[in-house]
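Numbering (my numbering), first residue to last: 2 to 290.
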C-alpha cells in the first residue's frame with residue numbers, strides 16, 4: 002500500500018497567513034535549476050544531495066538525525082511528518098528505514114517541490130505529500146505508527162487543536178518525536194522577520210512548561226524532554242566563528258526557500274536565541290495503548 006493511502010479522509014482547502022508567509026512561486030523549478038547550477042545531474046540525485054535546501058530547520062541534517070534517532074522504526078511502519086516542507090526529513094526516514102512516509106504542509110509550492118524531489122531520488126512510491134492543514138489532516142483515526150515534526154508549531158495559535166490531531170491519527174502505542182522552538186525567558190517580542198513569522202503577530206511561542214503541558218493535555222505520555230537551548234547556542238557560536246566564504250554563495254541553499262530576506266531571517270533567529278527570546282526542545286511523546 003502506498004504511503005498513507007489507506008488513511009485518507011476528505012480534506013478541504015486551508016489557506017491563511019502561514020501559507021502566504023512561506024509561499025514561493027516556481028519553487029520546484031528554481032530548486033532544480035540550482036541543483037544543475039551546482040553541477041549535479043538531476044537523473045542521478047541522492048537524498049544527501051538535497052540536504053542543503055530540503056532540511057531548512059536549525060542545524061539541518063544534524064537535527065533530522067537526532068530527532069529521528071529518538072524513536073525506533075520498522076519497515077512496515079506508517080510514518081507522518083506534519084509540516085513536511087520540501088520533504089527532507091520524510092525522504093531521510095524512508096531511505097534509512099524503508100518506511101512509508103506521508104507528509105502534509107499548508108504551502109502548496111512546498112508540496113509540489115517535495116513530490117518532484119522525491120521522484121528525482123527514486124522515493125516517489127515511499128513518500129506521499131498532501132497539501133493541507135496539520136490541524137485538520139486528511140488521515141483516518143489511528144493510522145500511523147510514528148509522527149515527526151521539526152520546527153513547525155511556532156506559527157500555530159491553537160496548539161491544543163494541533164496536538165489533539167496528532168494524537169487522533171497515531172495508533173495506540175504510537176510515538177511522536179519533534180524538535181521545536183519555544184519562548185525563552187527574556188521579556189519582549191522576538192525580532193522579526195524569522196523563518197516562521199514575518200511579524201511578531203504571526204509567532205505563537207509557548208514556554209517549555211506550557212508546551213509540555215499542552216501536549217500532555219491532548220492525551221500523550223511524555224517519554225523524553227530535552228532542553229537543547231545551550232547546545233543550539235554553542236552551535237550558533239561556532240557558526241559565527243567560521244570564516245565567511247568569499248565569492249558567490251552556492252546556487253542550492255535555503256535562500257531558495259526563505260526568499261530574499263533569508264539572511265535577515267537567519268540573523269534574527271540567531272539574535273533571538275542569544276538574547277534568550279527563544280529556546281529549543283527535543284522530545285518524544287507516546288499515545289497510550
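In this text, a Cβ means the ideal position worked out from N, Cα and C, and glycines have one as well.
Backbone CA spacing between residue 275 and residue 234 [nearest angstrom]
Walking along the chain shown from the start, residue 275 turns up at place 274. Walking along the chain shown from the start, residue 234 turns up at place 233. Spanning the alpha carbons of residue 275 and residue 234 requires a straight line of approximately 7 Å.
- Please name the residue in 221, 210 and 198 whose C-alpha comes closest to that of residue 164. Reading the chain shown from its first residue, position 163 is the one you call residue 164. If you compare the alpha carbons of 221, 210 and 198 with that of residue 164, the shortest gap goes to 221.
* Asked: Near residue 114, what residues of its chain come up, given a Cβ to Cβ distance below 7 Å and the 5 sequence neighbours on each side ignored?
  -> On the chain shown, residue 114 is found 113 positions in, with the first residue counted as 1. Closer than 7 Å at the Cβ level, and outside the excluded window around residue 114, lie 28, 29, 32 and 87.
*Buried or exposed: residue 193, going by 16 or more other Cβ atoms within 10 Å of its Cβ?*
Translated into the one-based positions of the chain shown, residue 193 becomes position 192. It is buried - the Cβ of residue 193 has at least 16 other Cβ atoms within 10 Å.
Exercise. May I have the straight-line CA-CA distance separating residue 134 from residue 106, to the nearest angstrom?
Key: As a working note, residue 134 is residue 133 in the chain shown. As a working note, residue 106 is residue 105 in the chain shown. The alpha-carbon separation between residue 134 and residue 106 amounts to approximately 6 Å.
Notebook entry, point to check: Taking residue 218 as the reference, which of 169, 236 and 188 has the closest Cα?
Noted result: Position 217 of the chain shown, counting from 1, holds the residue named residue 218. Of 169, 236 and 188, the residue nearest in Cα terms is 169.
Beta carbon of residue 89 nearer than 8 Å to that of residue 124:
Reading the chain shown from its first residue, position 88 is the one you call residue 89. Reading the chain shown from its first residue, position 123 is the one you call residue 124. No. Outside cutoff.
inquiry  = Within the continuous beta strand (DSSP E) that includes residue 128, where are the two ends?
reply    = Position 127 of the chain shown holds residue 128. Per DSSP, residue 128 is one residue of the beta strand (DSSP E) stretching across 128–132.
Helix, strand or coil for residue 234? Go by DSSP, reduced to three states. As a working mapping, residue 234 is identified with position 233 in the chain shown. In the structure shown, residue 234 sits in a helix (DSSP, three-state: H, G or I).
Cβ contact check for the region 257–265 and the region 116–131: 3 or more pairs under 8 Å: Not touching, per the Cβ criterion.
- Is it a yes or a no for the region 180–192 touching the region 242–250, going by three-plus beta-carbon pairs under 8 Å? No contact exists between the region 180–192 and the region 242–250.
Discussion item. In whole angstroms, give me the CA-to-CA distance for residue 85 and residue 111.
Written reply: Mapped onto the chain shown, residue 85 falls at position 84. Mapped onto the chain shown, residue 111 falls at position 110. If I take the Cα positions, the gap works out to 8 Å.
Q) Comparing alpha-carbon positions, which option in 205, 265 and 271 lies nearest residue 231? A) The residue you call residue 231 lines up with position 230 of the chain shown. Of 205, 265 and 271, the residue nearest in Cα terms is 271.
Complete runs of the alpha helix (DSSP H) confined to the region 69–149 [at least 4 residues]: Qualifying alpha helix (DSSP H) stretches, in chain order: 89–98 and 109–121.
### Task
Within its chain, find whatever has a CB closer than 6 Å to the CB of residue 278; leave out the 5 residues flanking it on each side and keep chain order.
As a working mapping, residue 278 is identified with position 277 in the chain shown. These residues qualify, in order along the chain: 185, 187 and 191.
CA nearest to the CA of residue 204, picked from 175, 67, 141 and 157 = Residue 204 sits at position 203 when you count from the first residue of the chain shown. Nearest in C-alpha terms to residue 204, of all of 175, 67, 141 and 157, is 157.
Element boundaries [beta strand (DSSP E), containing residue 180]
On the chain shown, position 179 is the one that residue 180 refers to. Segment 171–184, the beta strand (DSSP E) holding residue 180.
Quiz item: With a Cβ-Cβ cutoff of 8 Å, do residue 94 and residue 54 count as a contact?
Solution: Position 93 of the chain shown holds residue 94. Position 53 of the chain shown holds residue 54. Between residue 94 and residue 54, the C-beta spacing is not below 8 Å.
For residue 284, which three-state DSSP category applies?
-> The residue labelled residue 284 in the question sits at position 283 within the chain shown. Taken through DSSP and simplified to helix, strand or coil, residue 284 comes out as strand.
| Which residue's Cα is closest to the Cα of residue 226: 140, 202, 48 and 287? | In the chain shown, counting from the first residue as 1, residue 226 sits at position 225. Each of 140, 202, 48 and 287 was checked against the Cα of residue 226, and the nearest Cα belongs to 287.
With a threshold of 16 other CB atoms inside 10 Å of the CB of residue 281, please say whether the residue is buried or exposed. If you number the chain shown from 1, residue 281 lands on position 280. With 16 or more Cβ atoms within 10 Å of its Cβ, residue 281 is classed as buried.
- Item | Separation of residue 273 from residue 195, as counted between CA atoms | To locate residue 195, count along the chain shown from 1; it is residue 194. To locate residue 273, count along the chain shown from 1; it is residue 272. Going from the Cα of residue 195 to the Cα of residue 273 covers about 9 Å.
For residue 266, is the beta carbon positioned less than 7 Å from some heavy atom of the ligand PLP?
-> This structure lacks the ligand PLP; in fact it carries no ligand of any kind.
| message | To the nearest angstrom, how far is the alpha carbon of residue 91 from that of residue 241? | response | Within the chain shown, the letter at position 90 stands for residue 91. Within the chain shown, the letter at position 240 stands for residue 241. Distance between the alpha carbons of residue 91 and residue 241 is about 29 Å.
Exercise. What did DSSP end up calling residue 198 once you bin it into helix, strand or coil?
Worked result: Counted from its first residue, the chain shown places residue 198 at position 197. Correct three-state label for residue 198: strand.
request  = Using the Cα positions of residue 77 and residue 147, report the straight-line distance between them to the nearest angstrom.
outcome  = For the purposes of this step, residue 77 is identified with residue 76 of the chain shown, where counting begins at 1. For the purposes of this step, residue 147 is identified with residue 146 of the chain shown, where counting begins at 1. Rounded to the nearest angstrom, the two C-alpha atoms are 11 Å apart.
Exercise. Count the other CB atoms within 10 Å of the CB of residue 269; is the residue buried (16 or more) or exposed (fewer)?
Worked result: Your numbering for residue 269 matches position 268 in the chain shown. It is buried - the Cβ of residue 269 has at least 16 other Cβ atoms within 10 Å.
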